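Okay, so here's the structure we're looking at.
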Ligand SMILES: [Zn+2]
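Residue numbers (our numbering): 59 to 388.
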């Protein structure tokens, strides 16, 4: 027997309740009564001023976090820039070896931006680093915010096309690129599951797909560490982001293998490995091909060899160099 609100109390619509608690984490509220939509009956305070309890007229209740409280956390507030894709200037080696991110809990949910098998994975590809995963979708398909957060960027970019970047409480940023349409503006608070735009093929794209990135302080890591896109599920509520994941050379592998590896690996060895990767990353040098460039001339310029450049870029000495192409030379 479902609980029904007393007749004299007026149930608030979700919109009205949103005014009481300045938070958009209300819809869609699932009702226990099949075919019914629950409306918010009341909100209760908790000991945490940012967290309220929402009572619905069908007897269900939910935690709700006031997203505007995010502004208190430094990792969320610092480097806030709505005009550039990556506002961070911190060096990889300055980050801790392990960062614990709270992705979702009872007051903040997760929604898979697009549930589908990953078409193109994260990591180093023939021509350049691929900093996210490609998720195929028909143009016009709604794309959802993965977690609660605030829109930092909503713009058009030559490469990414229409791109939306959302910053989350933990400092994590998620990006959604090649959208046919953007539905949010910088400064908007979004809840997991809110439609941030529609899928498309804008920018440098060969067909409709969502290019989805996860970054910490500007450093990209394989989104598959967080999400199993095929089932649309979050792998962890709390996730330990290791510094060694923040590299295009590091791809997701099942955690069990990671644990096994760690049993045999001391903290010292891990630190040494992280430092080696950081050094390698810092030492990486790129050259943009100009008119008249040859591999031989580029090799001489950077004190390297044609073979070494070919190895780094997955090309052969016979490959035609397109003007404007970025080659890794070191
Ligand atoms: Zn992509």
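Backbone N, C-alpha and C fix where the C-beta goes; we use that ideal spot for every residue, glycine too.
Note that this is a predicted model, so its numbers are computed, not measured.
- Residue nearest to residue 289 within the set 150, 297, 101, 171 is 171 (criterion: CA-CA distance).
- Take the alpha-carbon of residue 373 and the one of residue 379: they are about 10 Å apart.
- Judged by DSSP secondary structure, residue 162 falls outside any alpha helix (DSSP H); it is assigned neither H nor E.
- Beyond the five residues adjoining it in sequence on each side, residue 305 comes within less than 7 Å, by CB distance, of 335, 339 in the same chain, given in chain order.
- Residue burial is scored here from C-beta neighbours: residue 107 has fewer than 16 other C-beta atoms within 10 angstroms and is therefore classed as exposed.
- Per DSSP, the beta bridge partners of residue 213 are 221.
- One thing to note: residue 254 has its Cβ no nearer than 7 Å to the Cβ of residue 211.
- In the three-state scheme derived from DSSP, where H, G and I count as helix and E and B as strand, residue 116 is classed as coil.
- The residue from 275, 217, 226, 259 with its alpha-carbon nearest to that of residue 246 is 226.
- Between the alpha carbons of residue 300 and residue 151 lies a distance of about 12 Å.
- Taking non-hydrogen atoms of ligand 1 into account, the C-beta of residue 258 is found less than 6 Å away from none of them.
- In the three-state reduction of the DSSP assignment, residue 176 falls in the coil class.
- No Cβ-Cβ contact shorter than 7 Å links residue 261 with residue 198.
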